[in-house]
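To start, the structure itself, in structure tokens.
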Amino acid sequence: MKTHKEVTNLEISELFRALAASLELKNEKSNKFRIIAYERAADAVEHLSSEAKDLWDEGKLEEIPGIGKSMAESLGEVFKKGTSSHFDEILKGIPPSVFKLMQLPRVGAKTASKLVHFLSLEHSKDPISSLEKACKEGKVSSLEGFGQESQKDLLLAIDEFRRFVKRHLLPYASNLADEIISWMKEDKSVLEAYALGSLRRMASTVGDIDMAISTNEPQKVLSRFTQYPKKTRIIEKGDKTASILLPGGVQVDLMVGNPVLFGSLLQHFTGSKHHNIKLREYAIKKNMSLSEYGIKVKEGSNETTKKFATEKSFYNFLSMEFIPPELREDAGEIELAIEDKLPKLIEVADVLGDLQIHSNFDTQTSHDVGESSISEISKKALELGYEYVALTDHNPSVSNHKEKDVLNILKKRREKIEEYNYSAKNNKNNRVIFIFNSLEIDILQDGELAISDAALNLLDFALVSIHSSFRQEKKTATKRVLTALSHPKVKIFAHPTGRLLNQREGIELDWNEIFDFCVKNNKILEINADPARLDLPDFLVREGVARGVKFSLGTDSHHKDHMDNMRWGVSVARRGWLKSDDIVNCLKLEDFKKVIQQS
DNA sequence: GCCGTTTTCGGCCCGACTGTTTTCAGTCG
């Protein structure tokens with residue numbers, strides 16, 4: 142389909158936010174619900190599991206919740222022509238610099254509009270810099286509705302906007318949260334402390350860190366929190382919440398609550414926003430109103446508030462089972478919880494092997510070699526309670542080796558692994574780790590594998606992955622992957638999208654075609670537990686398992702200590718609604734052997 | 001503008017914090 146240009150989900154959600162802002166500025170009262178509608182649509186597109194443009198190609202735009210006939214039609218115009226007459230009409234009269242200023246934290250439509258008007262930024266090419274200049278010259282504090290404080294805050298907001306990475310990797314955020322929690326717990330008035338929000342839901346990246354603390358002395362706890370030694374500044378502090386900023390631009394928000402209502406507090410601030418909105422809508426139908434303080438129940442003119450010490454009792458009161466945080470995304474979990482039909486999600490302890498580990502065996506590859514030896518890796522695997530691991534060093538570099546050299550390297554490697562397995566087998570006293578002789582093989586540009594059939598035949602099974610030509614067209618890339626997966630020795634497609642969080646978008650593939658091929662041909666999709674990858678992404682895991690795809694978990698370790706990263710991979714699996722029997726390395730050794738032997 | 005297990009009309013989640021405005025608006029989650 143010929144289009145004006147590629148319009149990304151991010152651009153669409155920005156467009157929807159601009160539309161909402163525009164309506165808000167023009168006539169907030171009469172547009173109240175249209176504004177909400179555009180904001181919801183912006184949220185929906187931002188969290189979409191595929192490109193909106195692809196959905197449009199397939200005529201499925203209206204299947205996005207929050208996008209109806211009217212928006213779909215105008216959006217279609219945007220895809221076709223780059224602009225929509227209806228949207229343009231709404232945006233008319235609002236200077237684009239207003240929308241630019243709204244990118245600043247704590248600046249909404251009205252503040253932005255006032256600033257643009259008062260400071261004559263209508264035609265400014267860089268309104269943020271112009272605003273910065275005005276603040277520094279002290280011009281903003283004298284504007285109507287602004288003062289010294291707001292002028293100072295604007296300068297801070299500009300600084301934060303420019304300086305800070307917006308999303309943090311999961312282990313990074315998790316470690317920061319753990320540090321604060323243990324520091325807070327040194328104080329006896331802290332009864333319980335948890336990370337909340339996207340961190341508790343184990344999303345692959347985290348924006349702000351949210352926390353809740355159960356206490357009978359809220360003031361004391363909040364004061365301690367704002368005195369956290371590593372903070373760079375206090376953003377706000379009230380009776381129930383406080384926010385601080387850490388070096389690197391991480392904002393930490395704390396909510397405190399009494400133990401008797403801590404369950405509802407946890408629930409409320411764990412989110413997601415969409416989960417909570419759906420839950421409240423459901424509650425309203427039962428004459429209940431939900432908040433972080435509990436559940437208000439209306440009976441006639443009587444209104445009582447029930448309090449909940451635990452989340453479980455909160456959900457149970459709404460006649461549904463407890464919903465694990467990873468599922469709280471309004472993706473059907475509430476409906477299933479009402480019927481008591483949520484899946485029993487995989488746990489770290491269910492994992493019996495790690496299916497992507499790089500050892501220090503020198504395969505003379507052009508990629509990176511691991512740092513740990515086979516015995517170090519197997520010792521670590523024992524500690525983790527595994528039965529087996531797969532050694533998946535990269536294939537020998539193609540350009541530097543003749544076929545004979547490649548075979549020699551791989552034969553030596555096979556002997557070494559066999560020796561290990563043989564001696565382990567004769568070790569009658571202890572538990573031992575079985576080591577699979579595998580390899581992570583490059584998928585070349587045309588879908589051919591980097592090593593020959595003869596070389597492949599020296600392996601127990603092969604992983605394949607893409608390390609070059611990431612920007613192929615969807616059709617070409619899909620064919621490339623399917624060609625590679627077709628080889629009988631190939632069992633696992635590793636880090637399938639090739640994405641690097643905050644650095645590189647994944648390759649574009651026709652996922653339905655990949656899923657169906659995998660189901661039909663017993664191929665397995667990897668969930669790569671490297672925190673910078675977390676690939677396959679959770680939403681694709683969810684779509685894949687719905688079509689019957691099986692998955693593997695691999696840490697992609699290049700050092701034995703990386704094997705601890707398995708928990709992040711498990712979190713992706715849980716967010717993808719996987720049970721242990723959806724994952725091949727939750728199988729016992731003998732059962733897993735059967736999986737890699739089938740063709 | 002979207003949506004539907006009381007609805008195709010008439011609803012649309014709830015509350016905290018800050019700054020400036022002396023009673024509330026704006027923003028955020």
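Numbering-wise, the first sequence is residues 142 to 740 according to my numbering.
Don't be surprised by glycine CBs; every beta carbon is placed ideally from N, CA and C.
Residue closest to residue i, alpha-carbon to alpha-carbon, out of the options
i	options	result
A162	T252, D351, G217, T224	T252
A531	V573, F602, E731, I299	F602
E218	K274, I153, P268, A183	I153
N168	T224, K201, L232, K427	L232
S721	D702, S693, D705, K734	S693
Q644	K630, R674, E204, E667	R674
P388	D503, V239, A314	A314
I668	S339, Y423, I208, D495	D495
F228	L260, L262, R715, R158	R158
L340	G511, H309, K170	H309
E649	D676, E614, V660	E614
I558	G588, S519, D351	S519
D349	D319, V393, S516, S513	V393
V397	N357, K371, E301	N357
L420	E470, E444, K378, L395	E470
E147	G223, H188, L604, K173	G223
F287	V248, I322, P359, S323	V248
D676	I655, S330, A714, H636	H636
Neighbourhood of residue i by C-beta distance below 7 angstroms, restricted to the same chain and skipping five residues each side
i	result
M142	In this prediction, M142 has a pLDDT of 40, which is less than 50 and means its spatial position is unreliable; what the coordinates show is noted afterwards. Closer than 7 angstroms at Cβ, skipping near neighbours: D198.
A591	N536, V539, I582, D583, L585
A182	F157, G207, I208, M212
S215	S225, H227, F228
I103	With the chain represented from 142 up to 740, any question about residue 103 goes unanswered, as that position is not in the structure.
Where the alpha helix (DSSP H) containing residue i begins and where it ends
i	result
E452	452 to 458
G710	707 to 716
G217	210 to 222
N549	544 to 566
M325	311 to 326
N501	Neither: N501 is in no alpha helix (DSSP H) and is coded neither H nor E.
D229	226 to 232
S238	237 to 242
H415	414 to 426
G404	403 to 411
Beta-carbon contacts of residue i that lie in its chain and below 8 angstroms, excluding the five residues immediately before and after
i	result
D732	none
I436	S405, A424, M429, S430, T446, K447, F449, F455, F458, L459
G588	K620, R621, V622, L623, T624, A625
I299	L245, I269, L272, E273, C276
Other residues of its chain near residue i: CB distance less than 6 angstroms, five sequence neighbours each side excluded
i	result
R374	L386
H508	H535
Q292	C276, V281, S282
Y335	A353
L156	none
R175	L164
T144	Note that T144 scores a pLDDT of 45, beneath 50, so its modelled location is shaky; the value from the coordinates is reported in the next line. Contacts found: F220.
E333	S355
E180	A161
H608	D583
L730	E528, Y529, F575
T149	none
L196	L202
P268	S238, K241, L242, L262
A193	N150, I153, V186
Span of the beta strand (DSSP E) around residue i
i	result
R374	374 to 378
A383	382 to 387
E444	443 to 447
S693	691 to 695
V257	Where V257 is concerned, there is no enclosing beta strand (DSSP E), although the alpha helix (DSSP H) it sits in stretches over 250 to 259.
F634	631 to 634
Y369	It is not in any beta strand (DSSP E) - Y369 carries neither H nor E in the DSSP assignment.
N669	665 to 669
L431	429 to 432
A336	333 to 336
V391	391 to 398
Residue(s) in a DSSP beta bridge with residue i
i	result
F796	The structure shown does not extend to residue 796, since the chain is modelled only from 142 to 740, so the question has no answer here.
D582	Residue identity differs from the one stated: residue 582 is Ile in this sequence, not Asp. Partner(s): V605.
K439	E444
E517	Answer is none; E517 lacks a bridge partner.
G494	Y529
S698	I498
- Ignoring anything shorter than 3 residues or poking outside the region 338 to 366, list the beta strand (DSSP E) runs there in chain order. For the region 338 to 366, whole beta strand (DSSP E) runs of length 3 or above, ordered along the chain, are 350 to 355.
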